[in-house]
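Q:
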Amino acid sequence: MLLYILGMIGIAAFAITGVISSGKKDMDLFSLLFLGMVTSLGGGTIRDVILSVETVYWVKDTSYLWVACLSSAFAFFTVRIIENRQTLFHYADSFGLALFTVVATEKVLLLGFSPSIAITMGIITGVAGGIIRDVLSHRPPLVLGKEFYATPAFLGAALVVLLEKNIPSHEFNSIYAVALIFILRVFAIHKGLYYPSWLLYKKR
Amino acid sequence: MLLYILGMIGIAAFAITGVISSGKKDMDLFSLLFLGMVTSLGGGTIRDVILSVETVYWVKDTSYLWVACLSSAFAFFTVRIIENRQTLFHYADSFGLALFTVVATEKVLLLGFSPSIAITMGIITGVAGGIIRDVLSHRPPLVLGKEFYATPAFLGAALVVLLEKNIPSHEFNSIYAVALIFILRVFAIHKGLYYPSWLLYKKR
Amino acid sequence: MLLYILGMIGIAAFAITGVISSGKKDMDLFSLLFLGMVTSLGGGTIRDVILSVETVYWVKDTSYLWVACLSSAFAFFTVRIIENRQTLFHYADSFGLALFTVVATEKVLLLGFSPSIAITMGIITGVAGGIIRDVLSHRPPLVLGKEFYATPAFLGAALVVLLEKNIPSHEFNSIYAVALIFILRVFAIHKGLYYPSWLLYKKR
Chain A
1 MLLYILGMIG
11 IAAFAITGVI
21 SSGKKDMDLF
31 SLLFLGMVTS
41 LGGGTIRDVI
51 LSVETVYWVK
61 DTSYLWVACL
71 SSAFAFFTVR
81 IIENRQTLFH
91 YADSFGLALF
101 TVVATEKVLL
111 LGFSPSIAIT
121 MGIITGVAGG
131 IIRDVLSHRP
141 PLVLGKEFYA
151 TPAFLGAALV
161 VLLEKNIPSH
171 EFNSIYAVAL
181 IFILRVFAIH
191 KGLYYPSWLL
201 YKKR
Chain R
1001 MLLYILGMIG
1011 IAAFAITGVI
1021 SSGKKDMDLF
1031 SLLFLGMVTS
1041 LGGGTIRDVI
1051 LSVETVYWVK
1061 DTSYLWVACL
1071 SSAFAFFTVR
1081 IIENRQTLFH
1091 YADSFGLALF
1101 TVVATEKVLL
1111 LGFSPSIAIT
1121 MGIITGVAGG
1131 IIRDVLSHRP
1141 PLVLGKEFYA
1151 TPAFLGAALV
1161 VLLEKNIPSH
1171 EFNSIYAVAL
1181 IFILRVFAIH
1191 KGLYYPSWLL
1201 YKKR
Chain D
2001 MLLYILGMIG
2011 IAAFAITGVI
2021 SSGKKDMDLF
2031 SLLFLGMVTS
2041 LGGGTIRDVI
2051 LSVETVYWVK
2061 DTSYLWVACL
2071 SSAFAFFTVR
2081 IIENRQTLFH
2091 YADSFGLALF
2101 TVVATEKVLL
2111 LGFSPSIAIT
2121 MGIITGVAGG
2131 IIRDVLSHRP
2141 PLVLGKEFYA
2151 TPAFLGAALV
2161 VLLEKNIPSH
2171 EFNSIYAVAL
2181 IFILRVFAIH
2191 KGLYYPSWLL
2201 YKKR
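Sequence lines, in order, name chains A, R and D. According to this note's numbering, the first sequence is numbered sequentially starting from 1. According to this note's numbering, the second sequence is numbered sequentially starting from 1001. According to this note's numbering, the third sequence is numbered sequentially starting from 2001.
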């Protein structure tokens, strides 16, 4: 149940980033609904298609589809009155990343897959929607920037696996992992947190 | 049967757009066959993979593969003699969009899915091939432009659902919906049809 | 067994290209692991998802996942000491293209699909990982350049089909086809091998 609600909030968060992301060009309502929905539903779709254990989640339960659609529409009309959209964009993106990574890792573990598959799938689910959004909006994917992005997702997914092994089904496991990812991302956004240079591949 | 033929024509139309789209750089015959085939087969492939009800259509019936391959080759040799390629590009793209959206919506309805899934899948099938083409050719995706694109696809898919509910299996249902999408797109191309500004998300 | 080893080497080769490809911007270890893994696992994932006959290969056998991860990490630390990275990039990419195309064509034939499906899937598997890498790194996809790329993949896949029909399960069949693709690509890189102009679609 908690996973379900967290998943829905993640969808709304990513839908908002899809709408803001497009801010560099004129786009109409339906194009933006499309971009918002692809951003928010894309990651989980790729996860379900690769695992092919169940029907893709939003085909099975169309509530996801409606939440993605309505939150994109809501964002379309409200986002324009917000001053600092770039900050909102990064916060919503980090929140979506945290929620999707954790929810997907939990879900894949519950389906009985190994920890390495669960962590990989968690990261893919967390970052794939944002990658599609960034490629379609002609911006370099956030995940491939210098600041912490893939790392928090990895650490959060690993924390889920660790907690589920030691204190299985504890109700706050997801919350801890979501908090870890989100806080690391907020530090990365505000402090430009990145690795020491020997763990960076420098541009030439 | 009508759906089958319309699907084939859609594949040919999208194959042509794939060939023209590449016109900004030198490309050889096989690269263009590849781009044409990805453009024309991509949308339906994504639809079938997400629904995972049947084998992907061109794996089951390789006629689709051959039509995509041969129409790309045909376009490769003939398109260069045409003066106004951009107009042809937009017309062929609109025609493919109309056909794929309608055929996919009908197909998904026939498979027993709900109207919201059918409309979503119709739109995805219609626009996905073009998106892949545009991303690979480094042009901004048509679907994310200011002019009507996602809207006609949505209206056409909705019309299919409406007609199938009220006059099921009427033989002209598909034709009406195809015409609606195509005509709206032609207006969008020639008159720059777009929404009033409060339904546009302005660039800043 | 030979196919298994060739597949693993192909994964390592593509992982290296993923790491080098990013060389235009600062990227951290985890972002590069992600890019390397997407590049090396992407093509086969798309193949398995489209055929949907078996579980995606790296979900079934996580050795692939670990090889992709470890060779990306290895490349991250070693590639920076190499002078001529562009040459290494193109060689590793050609080697990966050759191995993936051939291994996939063999695998799809063994699953009982027709030659046209096997050749198509071979080409898709060979080029898809590189396309994802190039799109994410904001470079024009190699496959859509003027030099031979799709053509060697096609010829190699066709050679596999031809050899398997005439001398089935001969142990060197794969080696011949890999050599054909790789040698054609090396010529294309060093001699700028491309088609006569009537088989090129000129930029305007």
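Using N, Cα and C, we set each Cβ at its ideal position, and we do this for glycine too. Quantities reported herein were computed from a predicted structural model and do not represent experimental measurements.
Is the CB-CB distance between S31 of chain A and G1145 of chain R below 9 Å?
A: What you label residue 31 of chain A is simply residue 31 of the first sequence in a count that begins at 1. What you label residue 1145 of chain R is simply residue 145 of the second sequence in a count that begins at 1. Yes.
Q: For L1029 of chain R, which residues of its own chain have a beta-carbon under 8 Å away from its beta-carbon, when the five flanking residues on both sides are left out?
A: For this step, residue 1029 of chain R is matched to residue 29 along the second sequence. If we look at L1029 of chain R and ignore the five residues flanking it on each side, its Cβ neighbours are A1073, F1076.
Q: According to the neighbour-count rule (16 or more other Cβ atoms, all chains shown, within 10 Å of its Cβ), is I20 of chain A buried or exposed?
A: As a first step, residue 20 of chain A must be located in the first sequence, where it is residue number 20. Under this definition I20 of chain A is a buried residue.
Q: Around the Cβ of S2174 of chain D, are there at least 16 other Cβ atoms within 10 angstroms (buried) or fewer (exposed)?
A: Counted from its first residue, the third sequence places residue 2174 of chain D at position 174. When all chains shown are included, S2174 of chain D counts as buried.
Q: Please tell me whether I2081 of chain D has its Cβ less than 9 Å away from any Cβ of chain R.
A: On the third sequence, residue 2081 of chain D is found 81 positions in, with the first residue counted as 1. Not closer than 9 Å to any Cβ of chain R, the Cβ of I2081 of chain D fails to qualify, so no.
Q: Keeping to the same chain, check which residues put their C-beta closer than 6 Å to that of G1007 of chain R; ignore five residues upstream and five downstream.
A: As a position in the second sequence, residue 1007 of chain R is number 7, starting the count at 1. Result list for G1007 of chain R: V1103, in chain order.
Q: Quick one: does T1078 of chain R have its CB under 9 Å from some CB of chain D?
A: Residue numbering aside, residue 1078 of chain R sits at position 78 when the second sequence is read from its first letter. Not an interface residue.
Q: Please go through the stretch 1106 to 1165 of chain R and give each complete alpha helix (DSSP H) segment of 4 or more residues, from N-terminal end onward.
A: Listed in chain order, the alpha helix (DSSP H) elements of length 4 or more contained wholly in the stretch 1106 to 1165 of chain R are 1115 to 1136.
Q: On the DSSP bridge list, what partners appear for M8 of chain A?
A: Taking the first sequence and counting its residues from 1, one reaches residue 8 of chain A at position 8. DSSP lists no partner for M8 of chain A.
Q: Buried or exposed for Y4 of chain A, going by 16 or more other Cβ atoms inside 10 Å?
A: As a working mapping, residue 4 of chain A is identified with position 4 in the first sequence. The residue in question, Y4 of chain A, is exposed, as its Cβ has fewer than 16 Cβ neighbours within 10 Å.
Q: What's the C-alpha gap between L1033 of chain R and C1069 of chain R?
A: Translated into the one-based positions of the second sequence, residue 1033 of chain R becomes position 33. Translated into the one-based positions of the second sequence, residue 1069 of chain R becomes position 69. Computed Cα separation, rounded: 6 Å.
Q: Alpha carbon to alpha carbon, what distance is there between A1012 of chain R and L1041 of chain R?
A: The residue given as residue 1041 of chain R occupies position 41 in the second sequence. The residue given as residue 1012 of chain R occupies position 12 in the second sequence. Cα to Cα, L1041 of chain R sits roughly 10 Å from A1012 of chain R.
Q: Am I right that T1105 of chain R and A1092 of chain R are in contact with their C-beta atoms under 8 Å? What's the rounded C-beta distance?
A: For the purposes of this step, residue 1105 of chain R is identified with residue 105 of the second sequence, where counting begins at 1. For the purposes of this step, residue 1092 of chain R is identified with residue 92 of the second sequence, where counting begins at 1. A Cβ-Cβ separation of about 20 Å leaves T1105 of chain R out of contact with A1092 of chain R under the 8 Å criterion.
Q: Does the pairing of the stretch 178 to 194 of chain A with the stretch 147 to 154 of chain A give three or more beta-carbon distances under 8 Å?
A: yes
Q: For a test of the three-state rule: what should DSSP assign to D2093 of chain D, helix, strand or coil?
A: As a first step, residue 2093 of chain D is located in the third sequence; it is residue number 93 there, counting from the start. Judged by DSSP in its simplified three-state form, D2093 of chain D adopts helix.
Q: Among all the DSSP beta bridges, which residues are the ones paired with Y1201 of chain R?
A: One-based indexing of the second sequence puts residue 1201 of chain R at position 201. Answer is A:M27, bridged to Y1201 of chain R.
Q: At the level of alpha carbons, what is the spacing between I125 of chain A and T101 of chain A?
A: Counted from its first residue, the first sequence places residue 125 of chain A at position 125. Counted from its first residue, the first sequence places residue 101 of chain A at position 101. Looking at the sequence provided, one finds Thr at residue 125 of chain A rather than Ile. The C-alpha of T125 of chain A lies about 6 Å from the C-alpha of T101 of chain A.
Q: What's the C-alpha gap between P2140 of chain D and H1138 of chain R?
A: Translated into the one-based positions of the third sequence, residue 2140 of chain D becomes position 140. Translated into the one-based positions of the second sequence, residue 1138 of chain R becomes position 138. Whole-angstrom Cα-Cα distance: 7 Å.
Q: Starting from N2173 of chain D, trace the alpha helix (DSSP H) in both directions and tell me its first and last residue.
A: Mapped onto the third sequence, residue 2173 of chain D falls at position 173. 2173 to 2191 is the extent of the alpha helix (DSSP H) around N2173 of chain D.
Q: Taking only beta-carbon positions, decide if S114 of chain A is within less than 9 Å of chain R.
A: Within the first sequence, numbered from 1, the residue matching residue 114 of chain A stands at position 114. No, S114 of chain A lies away from the interface with chain R (no Cβ there is under 9 Å from its Cβ).
Q: Below 8 Å on the Cβ atoms is my guess for R133 of chain A versus L65 of chain A; work out the distance and round it to an integer in Å.
A: Taking the first sequence and counting its residues from 1, the one referred to as residue 133 of chain A is at position 133. Taking the first sequence and counting its residues from 1, the one referred to as residue 65 of chain A is at position 65. Contact doesn't hold; Cβ gap of about 17 Å is too wide.
Q: Should P2196 of chain D go down as buried or exposed, given a rule of 16 or more other Cβ atoms within 10 Å for buried?
A: Indexing the third sequence from 1 puts residue 2196 of chain D at position 196. Per the 10 Å Cβ criterion, exposed.
Q: Could you give the distance in angstroms between the alpha-carbon of G43 of chain A and the alpha-carbon of V2049 of chain D?
A: As a first step, residue 43 of chain A must be located in the first sequence, where it is residue number 43. As a first step, residue 2049 of chain D must be located in the third sequence, where it is residue number 49. Put simply, the backbone Cα of G43 of chain A is about 15 Å away from that of V2049 of chain D.
Q: Taking just the CA atoms, how far does S22 of chain A sit from P1115 of chain R?
A: On the second sequence, position 115 is the one that residue 1115 of chain R refers to. On the first sequence, position 22 is the one that residue 22 of chain A refers to. Each residue's Cα considered, the two are about 28 Å apart.
Q: Check whether the Cβ of L2097 of chain D lies closer than 9 Å to any Cβ atom in chain A.
A: As a first step, residue 2097 of chain D must be located in the third sequence, where it is residue number 97. Not closer than 9 Å to any Cβ of chain A, the Cβ of L2097 of chain D fails to qualify, so no.
Q: Given a threshold of 16 other Cβ atoms within 10 Å of its Cβ, counted over all protein chains shown, does F89 of chain A qualify as buried or as exposed?
A: Locating residue 89 of chain A in the first sequence gives position 89, counting from the first residue. Flag for F89 of chain A reads buried.
Q: Indicate the three-state DSSP secondary structure (helix, strand or coil) for Y57 of chain A in the structure shown.
A: Taking the first sequence and counting its residues from 1, one reaches residue 57 of chain A at position 57. In the structure shown, the three-state DSSP call for Y57 of chain A is helix.
Q: Measuring CA to CA, which of R:E1164, R:V1143, R:L1162 is closest to V1194 of chain R?
A: The residue you call residue 1194 of chain R lines up with position 194 of the second sequence. According to the sequence shown, residue 1194 of chain R is Tyr rather than Val. Taking only the C-alpha atoms, the option nearest Y1194 of chain R is R:V1143.
Q: Measuring only between beta-carbons, confirm whether H2138 of chain D sits less than 9 Å from chain A.
A: The residue you call residue 2138 of chain D lines up with position 138 of the third sequence. It does; some Cβ of chain A falls within 9 Å.
Q: I'd like to check one pair, G2129 of chain D with F2014 of chain D: are the Cβ atoms closer than 9 Å?
A: As a working note, residue 2014 of chain D is residue 14 in the third sequence. As a working note, residue 2129 of chain D is residue 129 in the third sequence. Yes. Within cutoff.
Q: Does DSSP put M2001 of chain D in a helix, in a strand, or in coil?
A: The sequence position of residue 2001 of chain D within the third sequence is 1, counting from 1. Correct three-state label for M2001 of chain D: coil.
Q: Would you mind sorting K2165 of chain D into buried or exposed? The rule is 16 or more other CB atoms within 10 Å of its CB.
A: The residue given as residue 2165 of chain D occupies position 165 in the third sequence. So K2165 of chain D ends up on the exposed side.
Q: Closer than 9 Å, CB to CB, is Y2057 of chain D near chain R or not?
A: For the purposes of this step, residue 2057 of chain D is taken as the residue at position 57 of the third sequence. No - not a single Cβ of chain R is within 9 Å of the one on Y2057 of chain D.
Q: Contact defined as beta carbons within less than 8 Å: I believe M1027 of chain R pairs with L2200 of chain D. What is the distance between those atoms, to the nearest angstrom?
A: For the purposes of this step, residue 1027 of chain R is taken as residue 27 along the second sequence, with counting starting at 1. For the purposes of this step, residue 2200 of chain D is taken as residue 200 along the third sequence, with counting starting at 1. The pair is a contact, with the Cβ atoms about 7 Å apart (cut-off 8 Å).
Q: Going by beta-carbon coordinates alone, are V67 of chain A and L97 of chain A separated by less than 9 Å?
A: Stepping through the first sequence from its first residue, residue 67 of chain A is reached at position 67. Stepping through the first sequence from its first residue, residue 97 of chain A is reached at position 97. For V67 of chain A and L97 of chain A, no; Cβs fall outside 9 Å.
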